[in-house]
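A short write-up of the structure that comes next.
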Amino acid sequence: MALVERRNDRTDHLSIFDYITHWSIIAHFPPNDLEYLKGIEWLPIVDILCLWKNSYDYKILFYTFDELLLSIYKSENDRLSLGVRCARWSPTEQVIVVGDYEECITIFSYLTYKKIQTPFEHPQELVSETDNTILKEEEYNSDN
Numbered sequence: 788m789a790l791v792e793r794r795n796d797r798t799d800h801l802s803i804f805d806y807i808t809h810w811s812i813i814a815h816f817p818p819n820d821l822e823y824l825k826g827i828e829w830l831p832i833v834d835i836l837c838l839w840k841n842s843y844d845y846k847i848l849f850y851t852f853d854e855l856l857l858s859i860y861k862s863e864n865d866r867l868s869l870g871v872r873c874a875r876w877s878p879t880e881q882v883i884v885v886g887d888y889e890e891c892i893t894i895f896s897y898l899t900y901k902k903i904q905t906p907f908e909h910p911q912e913l914v915s916e917t918d919n920t921i922l923k924e925e926e927y928n929s930d931n
């Protein structure tokens, strides 16, 4: 389990716990160059954390559990951009998809932790052309 705590001096610290063995602490550190931490996504197969900054600044960091900073990504445009809204690892855990408040999506690789797809706009409503296929994921409940 990963837990973010904001201290009285307004610094964020990340604690990682092993919930299997009596909730022992694995790591505790302040994320480098990241204040006002907004969210965390955990890649369990290789114990990688994706952290992102507040809603007003587009910044993503990838960390290992032993506090090794793998990569930092900041928005490439010079204009003031809104921050990250959400991030989710794919079901295959090979990419992480990051959505922002400007309705754009950016895709990152789990091998290099670098951007592999330039940001593209995601419209509110998807419309299929004749040669496009739109798939919708639905949750399946086996109890019914």
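Under my numbering, think of the first position of the sequence shown as 788, with each following residue one higher. In this text, a Cβ means the ideal position worked out from N, Cα and C, and glycines have one as well. Keep in mind the model is a prediction, meaning the values are calculated, not measured.
- From this set, Glu792, Glu854, Glu863, Ile835, which residue's C-alpha is nearest threonine 899's C-alpha? For this step, residue 899 is matched to residue 112 along the sequence shown. Comparing alpha carbon positions, the residue from Glu792, Glu854, Glu863, Ile835 closest to threonine 899 is Ile835.
- Query: Should the stretch 848 to 860 be called in touch with the stretch 871 to 878, which here means at least 3 C-beta pairs below 8 Å?
  - Reply: At 8 Å Cβ cutoff, the stretches do not touch.
- Thinking C-alpha only, which one of Val791, Glu925, Ile883, Leu838 is nearest serine 896? Against the sequence shown, residue 896 aligns to sequence position 109. Nearest option by C-alpha distance: Ile883.
- histidine 815, DSSP secondary structure in three states: Locating residue 815 in the sequence shown gives position 28, where the first residue counts as 1. DSSP, read as helix, strand or coil, puts histidine 815 in strand.
- Item | Residue(s) in a DSSP beta bridge with threonine 851 | The count along the sequence shown starts at 1 and reaches residue 851 at position 64. Note: threonine 851 sits in a beta bridge opposite Ile835.
- DSSP-derived helix/strand/coil call for tyrosine 860: Stepping through the sequence shown from its first residue, residue 860 is reached at position 73. Strand, per DSSP.
- Message: Are the CB atoms of glycine 870 and tyrosine 850 within a distance shorter than 8 Å?
- Response: Stepping through the sequence shown from its first residue, residue 850 is reached at position 63. Stepping through the sequence shown from its first residue, residue 870 is reached at position 83. Taking 8 Å as the Cβ cut-off, tyrosine 850 and glycine 870 do not qualify as a contacting pair.
- Query: Between aspartate 865 and the rest of its own chain, which residues show a CB-CB distance below 8 Å, the 5 nearest in sequence each way excluded?
  - Reply: Here residue 865 refers to the residue found at position 78 when the sequence shown is read from its first residue. Its pLDDT being 47, under 50, aspartate 865 is placed unreliably in this model, and the value from its coordinates should be taken loosely. Closer than 8 Å at the Cβ level, and outside the excluded window around aspartate 865, lies no residue.
- Would you kindly report the start and end of the unbroken beta strand (DSSP E) that includes histidine 800? The count along the sequence shown starts at 1 and reaches residue 800 at position 13. Residues 799 to 805.
- Query: Closest to leucine 824 by CA distance: which of Ser842, Phe804, Asp805 is it?
  - Reply: Within the sequence shown, the letter at position 37 stands for residue 824. Among Ser842, Phe804, Asp805, the Cα nearest to that of leucine 824 belongs to Ser842.
- Message: Spatial neighbours of phenylalanine 816 within its chain, please: C-beta separation below 8 Å, excluding the five flanking residues on both sides.
- Response: Within the sequence shown, residue 816 is the residue found at index 29, counting from 1. The answer, listed in chain order, is His800, Leu801, Glu854.
- For isoleucine 832, I'd like the list of residues in its chain whose CB is within less than 6 Å of its CB, leaving aside the five on either flank, ordered along the chain. Counting from 1 along the sequence shown, the entry for residue 832 is found at position 45. Excluding residues within five positions, the ones whose Cβ falls inside 6 Å are Glu880.
- Item | Contacting residues, own chain, Cβ-Cβ under 6 Å from isoleucine 894 (five flanking each side not counted) | Within the sequence shown, numbered from 1, the residue matching residue 894 stands at position 107. Here the set comprises Val882, Val884, Ile903, Gln904.
- Pick helix, strand or coil for aspartate 887, following the three-state DSSP scheme. To locate residue 887, count along the sequence shown from 1; it is residue 100. Look at aspartate 887 here: in three-state DSSP terms it is strand.
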